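Scroll down for the structure; my scribbles are underneath it.
Chains as they are written, first to last, in the working numbering: chain E, 34 to 310; chain V, 4 to 313.
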């Protein structure tokens, strides 16, 4: 018995022999190289194209020309307006509902989960088809109809972010402690629950903003020229400028995400340090 | 008088206090019973107006002619070209871009999961999260700049005397869409499958090798059976995502490729044969049915997958 175990251990120790290890390493390098090439090359090619003029030389003309293009400012402002109105609306709707369900109606969680998975199952193209039929005329003539639908689209991300944030803390104890110390509901939510939910709220907000700023299907079929729709149309006028805007909006979204996430990380690190002292 | 009246009420209380005590709590109990509903009501109402009503509208108009009379003509039209072709193409597209990126995604995820570099793993996790959400106009431009007629890779390949166009590849066609979809499908698969790979415990492999199993037998009898439900689930998710996608195919081909979502877009934009305006709703209903089936299967497969991944 003992010898058997020793033998097995020796086997195990001998397993990563150089001969058997090398081939996987070559494969690994090949796979990683192919993946890196496939994913990086298109980004590089588009960036290069955006910084070139018509004679294929490096040039910043496309980037410089963006603000003066017809319709750009209007499309950009419209996209920003839609993004922030969607964000406010979606947080106002989802945060109280999710907190309440966690505290008082745990049975409702399954219902919420089901409803918030639906926007993933229903393709945006089918949803906007129905929305354009069902919406009253006064709403159809306003761009904020898109905001109202984007709230629905963002539900899956927002609900899951808040839900996992709430599951990670002992919400009931926190609320009861705050209430028994004399805090009213508003104070409890604002000073106790919200700070604990910050990470979840941040990721929900970032996902919502990114979703609205990049949404094309619904905006184009509702005939509103948001930034992505403008880019698609402007391709006919000047492909370099259109690509430059597309890549800048991409970089801008990434920057937004990185800044918000790193702000949160440094903030939480600072507060942890403060607590440690 | 008031004092007397009051005292008389108080003294004659015996019968009433019971009622008095009862009345207020009943009120309160009713309020308490209603309040949970009231707190969730805005959300439920919003979901109904934003999701339920539009779906009902799609179903309703799928069975109506342009004049508003009930008809099954729209649904019957779907069984004929070009709509049947659109559906067929969409399903083929979704099948290809779920199986191929599914397999590639698993290979990539496994390569990264078994690497010893924590930095690489974190980098890939972040990159997958970002890339899986790519799509639409940005992705279209990226691929035009890469393998369009004057794209970077196309130009590089001409130096090697390879001409993509003469090889029969056209970015603005069905197979162009396939190539572009891989760009967000592979990262999506990596995201979905990584937790399953992490659930593959090292002790199982050690146990198998202790009992004399070769790596092949380990994969044949342990690794693949445990991973299979997660892989299938991931592929179903990829199928749904490719089947429903509109923006990328639309901006890449300018609406010329025959896919179900593109046909809806064209019908909605007014490019419809007269009398067939409402076929778009029937196609929408059909897409919804296909996706609902996909998601039900996904739910079943995921239940099976979670058996080993606790």
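Quick reminder that beta carbons are idealized off the backbone N, C-alpha and C, glycines included.
From a predicted model like this one, the values you see are computed outputs, not experimental measurements.
Beta-bridge partners of residue 246 of chain V (DSSP): none assigned.
By the Cβ neighbour-count rule, residue 126 of chain V is exposed, with fewer than 16 other Cβ atoms within 10 Å of its own. Contact with chain V is absent for residue 239 of chain E, since none of that chain's Cβ atoms lies less than 8 Å from the residue's Cβ.
Collapsing the DSSP output to three states places residue 144 of chain V in a helix. Taking 9 Å as the Cβ-Cβ cut-off, the stretch 167-182 of chain V has no residue approaching chain E.
Here residue 85 of chain E is bridged, per DSSP, to E/91. Among the CB atoms of chain E, one or more fall inside 8 Å of the CB of residue 290 of chain V. For residue 58 of chain V, the closest C-alpha among the options E/94, E/172 and E/159 is that of E/159. Interface criterion met: the Cβ of residue 264 of chain V is under 8 Å from a Cβ in chain E.
Burial state of residue 245 of chain E is buried, judged by a 10 Å Cβ sphere holding 16 or more other Cβ atoms. Put simply, of E/100, E/99 and E/80 the residue whose alpha carbon is nearest the alpha carbon of residue 91 of chain E is E/80. Contact residues of the stretch 120-141 of chain V toward chain E are 123, 127, 130, 133, 134, 136, 137, 138, 139, 140 and 141 (C-beta to C-beta distance below 9 Å). Assignment of residue 214 of chain E by DSSP, reduced to helix, strand and coil, places it in the coil class.
Annotated three-state conformation of residue 140 of chain E is helix, per DSSP.
Along the stretch 122-149 of chain E, the positions whose C-beta sits under 7 Å from a C-beta of chain V are 126, 130, 133, 134, 137, 138, 141 and 148, read in chain order.
Beta-bridge pairing by DSSP links residue 73 of chain V to V/67. Residues of the same chain with a CB within less than 6 Å of the CB of residue 96 of chain E, apart from the 5 flanking positions on each side, are 277 in chain order. If you draw a 10 Å sphere on the C-beta of residue 214 of chain V, you find fewer than 16 other C-beta atoms in it, and that means exposed. Taking a cut-off of 8 Å on C-beta distances, the stretch 249-262 of chain V touches the stretch 73-91 of chain V, as three or more cross pairs fall below it. The DSSP-derived three-state label of residue 175 of chain V is coil. Counting along the chain, residue 92 of chain V sits inside the alpha helix (DSSP H) bounded by residues 86-116. The C-beta of residue 236 of chain V comes no closer than 8 Å to any C-beta of chain E. Residues of chain E whose Cβ lies closer than 8 Å to the Cβ of residue 197 of chain V do not exist, since the nearest Cβ in that chain is about 14 Å away.
Excluding five sequence positions before and after residue 196 of chain E, the CB atoms of its chain that fall closer than 7 Å to its own CB belong to 131, given in chain order. Segment contact: the stretch 262-280 of chain E against the stretch 213-232 of chain E, fewer than three CB-CB distances shorter than 8 Å; contact not assigned. If you draw a straight line from the Cα of residue 220 of chain V to the Cα of residue 181 of chain V, it comes to about 35 Å.
Scanning chain V for C-beta atoms nearer than 7 Å to the C-beta of residue 64 of chain E yields 110, 111 and 114, reported in chain order. Within 7 Å of the CB of residue 79 of chain E, the CB atoms of chain V belong to 144, 145 and 148, in sequence order along the chain. Against chain V, the CB of residue 289 of chain E has no partner CB under 8 Å away; the residue lies outside that interface. Ranking V/280, V/296 and V/290 by CA distance to the CA of residue 68 of chain V puts V/280 first. Residue 131 of chain E carries a helical assignment under DSSP once its states are collapsed to helix, strand and coil.
If you ignore the 5 residues before and after residue 188 of chain V, its C-beta comes within less than 6 Å of the C-beta of 100, 104 and 241, all in its own chain and listed in chain order.
Burial check for residue 232 of chain V: the Cβ neighbour count within 10 Å reaches 16 or more, so the residue is buried. Here DSSP, grouped into helix, strand and coil, assigns residue 281 of chain V to coil. One thing to note: residue 285 of chain V has its Cβ within 8 Å of the Cβ of residue 77 of chain V. When C-alpha distances from residue 156 of chain E are compared across V/306, V/225 and V/268, the shortest belongs to V/268.
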